[in-house]
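Residues -13 to 168, numbered by the numbering used here, are exactly what the sequence shown covers, in order.
Heads up, the beta-carbon is just placed ideally off N, CA and C, and yes, glycines get one too.
Note that the structure is a prediction, hence the values are computed from the model and not measured.
Down below is the structure, laid out as structure tokens.
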Amino acid sequence: MGAVKICIVLVCLVAAGGNWGFGCGVVEGGERIVKLKTEDYERIIRIAAKEIGVVEGARQNDGKRIREYLGYCYIKSHAAWCAAYLSFCFGQAGYKQPRTAWSPSLFPASRLVKEPKPGVVYGIYFASLKRIAHCGLVEFVKNDLVYGLEGNTNLAGSREGDGVFRKIRHKRTIYRYADWLD
């Protein structure tokens, strides 16, 4: 009976945040996890931003770097590449997922988040296609504006553009957000 009481006391101490050498330091561990996640988000953004200025070659959805984005997603032919660009960037950061050239696939229910934050993927819905048909990566948010990095776009914000650009979009124009690092 005494052993049971001792076990209960130990469990209560650990649950209350006591660190008995078992690596249960909630504050220390929590801060470390937050720091690692922040560094991961920042790394994805740095990698994606380095691609700004990449443009298609003479043909639509073609060019050396565009083929690398598509090839990363096992696509050999010319295809829309906004999602492939993001997948490539996550791959360059050491993540196995996402790995798709199909923008709707970037938004499974398990990855959805309500608010934009740096490093989160966003999707833009096109009513004419009845689906998400373009995507980008949140670089930062200021008031109601999302500053993002997008592939296969242009200065006008088209989903059939010709390069990697930094874009500014109002939150209302964005349909979904997905966190691939959470």
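Proximity below 8 Å, CB of residue i to CB of residue j
i	j	result
Ala34	Cys68	no
Thr119	Ser144	Before going on, a small fix: residue 119 reads as Ala here, not Thr. No.
Tyr161	Val132	no
Val150	Ile38	yes
Arg152	Leu135	yes
Arg29	Ala79	yes
Leu98	Cys121	no
Tyr71	Tyr55	yes
Where the beta strand (DSSP E) through residue i begins and ends
i	result
Lys153	149 to 156
Gly164	Correcting the residue identity first, residue 164 is Ala in this sequence and not Gly. Run containing Ala164: 162 to 164, per the beta strand (DSSP E) assignment.
Arg117	117 to 128
Glu146	It is not in any beta strand (DSSP E) - Glu146 carries neither H nor E in the DSSP assignment.
Gly105	Premise fails: Gly105 is in no beta strand (DSSP E) and is neither H nor E.
Thr139	131 to 139
Rounded separation between residue i and residue j - CA only
i	j	result
Ser114	Asp168	32 Å
Ile61	Asp130	35 Å
Gly77	Lys36	14 Å
Tyr27	Ser63	30 Å
Leu123	Lys100	15 Å
Cys10	Gly137	Summary for Cys10: the model assigns pLDDT 31, below 50, so the residue's position carries little reliability; its value from the coordinates is reported in the next sentence. Taking the straight line from one Cα to the other gives about 42 Å.
Gly147	Arg51	15 Å
Asp48	Trp166	27 Å
Glu42	Ile110	22 Å
Glu125	Val106	8 Å
Val40	Thr139	11 Å
Ala65	Pro94	22 Å
Lys128	Thr159	15 Å
Arg53	Lys116	27 Å
Cβ separation of residue i and residue j, assumed to be a contact under 8 Å, to the nearest whole Å
i	j	result
Pro84	Tyr163	14 Å between Cβ atoms; not a contact.
Thr86	Ser73	6 Å
- Item | Entirely enclosed alpha helix (DSSP H) segments - the region 25 to 100, minimum 4 residues | 50 to 58, 68 to 78
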